[in-house]
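Colleague:
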Amino acid sequence: MDLTRNLKQALSTGKIIFGQRETMGACSKGEARLVLVAANCPESFLSDLSTSHPGVPVHRVLMVNRQLGAACAKPFAVSSLCVVDPGQSDLLTLQHNL
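Per this note's numbering, the sequence shown runs over residues 1 to 98.
1) Could you give the DSSP three-state label for Ser52: helix, strand or coil?
2) Applying the criterion that 16 or more other CB atoms from any shown protein chain within 10 Å of the CB defines a buried residue, is Leu7 buried or exposed?
3) Helix or strand or just coil, what does DSSP make of Asn6?
4) Three-state secondary structure (DSSP) at Leu81?
5) Going straight from the alpha carbon of Leu49 to that of Met63, what length do you get?
6) When we look at the beta-carbon of Gln88 and count the other beta-carbons within 10 Å, is it buried (16 or more) or exposed?
7) Whole angstroms is fine: what's the gap from Arg66's alpha carbon to Glu22's?
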């Protein structure tokens, strides 16, 4: 799967939430369908997320936060993002891997 292409597709046709705080909030509200985290995302965030929301699938990508931000066409680093609506992308087919 081409992750960058699918991220751009989801950004244009679906709904993506950026940032650790916003991702936790979406998980708490039950809106999160998938959480993507950068390779260098803090372990404390990952443990908090998996402890407080065990039902939300989390996929760690092979990109660091700057690369993930660039893949999402953002001018800032993105350590985590939350897929609320995948739109026409295939992001929800990613496997849970921590």
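For each residue, glycine too, the CB sits at the ideal point set by N, CA and C.
Modeller: The short version:
1) Sequence index remark: in the sequence shown, residue 52 carries index 52 (1-based). Correct three-state label for Ser52: helix.
2) What you label residue 7 is simply residue 7 of the sequence shown in a count that begins at 1. Classification of Leu7: buried, given that the 10 Å Cβ count is 16 or more.
3) Numbered from 1 along the sequence shown, position 6 holds the residue referred to as residue 6. It is helical.
4) For the purposes of this step, residue 81 is identified with residue 81 of the sequence shown, where counting begins at 1. Leu81: strand per DSSP, three-state reduction.
5) Here residue 49 corresponds to residue number 49 of the sequence shown, with the count starting at 1. Here residue 63 corresponds to residue number 63 of the sequence shown, with the count starting at 1. Rounded to the nearest angstrom, the two C-alpha atoms are 19 Å apart.
6) Along the sequence shown, read from residue 1 onward, the residue named residue 88 stands at position 88. The residue in question, Gln88, is exposed, as its Cβ has fewer than 16 Cβ neighbours within 10 Å.
7) Here residue 66 refers to the residue found at position 66 of the sequence shown. Here residue 22 refers to the residue found at position 22 of the sequence shown. Distance between the alpha carbons of Arg66 and Glu22 is about 18 Å.
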